[in-house]
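>
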Amino acid sequence: MVNLKKYNDVSKLFVIFLTFLFVASCSKQNYYVTKIEGKRIPVTEKENQVSTTDPIGKQALQIENFIKPYREHINKDLDSVLAYCPETLDKSSGKWQTTIGNLMADVTLKRGNVVFQAREKKNIDICLLNSGGIRSILPKGNVTARTAFEIMPFENSLVVIALKGEQILEIVSYFIAEKKPHPLAGLTFTIDKNNLPKNILVQGNPVQQETIYYVGTNDYLSNGGDNMNFFKKGVQKFDLEYKLRNILIDYFKEVDTIPVINDVRITVE
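For the sequence shown, our numbering gives the first residue as 431, with consecutive numbering after it.
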């Protein structure tokens with residue numbers, strides 16, 4: 431006689447086993463990266479440096495042939511001589527101001543005023559940039575557009591902030607505390623024996639706390655970069671959409687010889 435109870439128990443166990451396998455096979459699988467491989471595809475000017483029978487070599491040669499005329503055109507523009515510099519201008523050549531910093535600030539003030547006057551019918555009174563933004567020297571000899579890219583490789587644009595005289599005094603205090611030769615134009619002052627400022631002049635006139643002054647700077651500093659938080663207290667902001675690099679290039683185009691500007695903006699007793 432067949433033991434149906436025992437048979438049914440085995441059947442149930444078998445069904446449960448199949449169900450478990452089905453659920454396990456349908457569960458979500460997690461995959462992990464265990465190895466990454468890469469292969470360098472060279473882009474070269476010389477056809478004989480790649481194998482034309484290798485698919486990757488053919489691809490590299492096609493890329494090179496495609497970009498070559500563009501590269502040559504860009505290099506021609508970048509290496510065209512725009513002006514001449516009689517001596518090397520370096521940001522490490524002074525404690526409170528440097529020849530390249532003076533040039534940068536003066537040029538930015540001058541070129542920026544062309545745009546600011548046309549748009550707003552106002553004048554930029556002061557230009558303040560940061561020494562760290564100058565990334566290269568201006569070497570003695572021929573000056574090209576590539577020189578400007580080396581000095582100012584970032585995409586910073588000129589911004590004008592309307593500040594009260596109170597913030598101009600904060601700028602002076604910032605200089606004394608930082609002791610760095612940040613590019614400065616339009617503002618002069620003296621540091622006395624007690625490390626305090628005096629004779630603070632804007633465009634040759636004593637600073638007035640309630641007067642509004644227009645200060646040109648870059649977009650990074652205008653938002654409080656390099657702890658220049660006084661810019662965030664501005665009562666008005668104007669983005670001139672004029673890159674500092676392009677300001678340099680435009681200036682190089684309009685002069686024959688770059689001046690070496692040694693005048694003193696910050697004096698110490």
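Here a beta-carbon is modelled for each residue, glycine too, at the ideal position from N, C-alpha and C.
#1: Let's test the definition: count the other Cβ atoms within 10 Å of the Cβ of Ile497 and tell me whether it reaches 16, buried, or not, exposed.
#2: Report, in whole angstroms, the separation of the C-beta atoms of Leu614 and Gln527, which I expect to be a contact under 8 Å.
#3: Please name the residue in Asp686, Thr574, Val602 whose C-alpha comes closest to that of Val632.
#4: Can you check DSSP and say which residues form a bridge with Gly571?
#5: Applying the criterion that 16 or more other CB atoms from any shown protein chain within 10 Å of the CB defines a buried residue, is Val589 buried or exposed?
#6: Which same chain residues, not among the five before or five after Gly634, have their C-beta less than 6 Å away from its C-beta?
#7: Kindly indicate which residue of Arg695, Asp520, Lys594 has the alpha-carbon position closest to the one of Val645.
#8: Just to confirm before moving on: does the CB-CB distance between His612 and Gly542 stay below 8 Å?
#9: Can you tell me which of the three DSSP states Glu671 falls into?
#10: In terms of alpha-carbon separation, which member of Gln547, Leu568, Ile556, Asn553 lies closest to Leu519?
#11: When the Cα atoms are used, what is the spatial distance from Phe660 to Ala513?
#12: Looking at Val690 and Thr529, is the spacing between their C-beta atoms short of 8 Å?
#13: Would you identify the three-state DSSP class for Ile466, choosing helix, strand or coil?
#14: Between which two residues does the alpha helix (DSSP H) carrying Gly595 extend?
#15: Quick one: what's got a C-beta closer than 6 Å to Arg675's C-beta in the same chain, skipping five residues either side?
#16: My assumption, with CB atoms under 8 Å, is that Ile642 sits in contact with Leu599. Please give the rounded CB distance.
This is what the structure gives:
#1: The residue is exposed, with fewer than 16 neighbouring Cβ atoms inside 10 Å.
#2: 7 Å
#3: Val602
#4: Answer by DSSP bridge pairing, in chain order: Cys515.
#5: Under a 10 Å Cβ-count criterion, Val589 is classified as buried, with 16 or more other Cβ atoms of the shown protein chains found around its own Cβ.
#6: none
#7: Lys594
#8: no
#9: strand
#10: Considering only Gln547, Leu568, Ile556, Asn553, the residue with the shortest C-alpha distance to Leu519 is Leu568.
#11: 36 Å
#12: For Thr529 and Val690, yes; Cβs fall inside 8 Å.
#13: coil
#14: From DSSP, the alpha helix (DSSP H) with Gly595 extends over 595-608.
#15: Within its own chain, the residues whose Cβ lies closer than 6 Å to the Cβ of Arg675, once the five positions on either side in sequence are excluded, are Ala578, Met582, listed in chain order.
#16: With 8 Å as the limit, Ile642 and Leu599 do not qualify as a contact, their Cβ atoms being about 14 Å apart.
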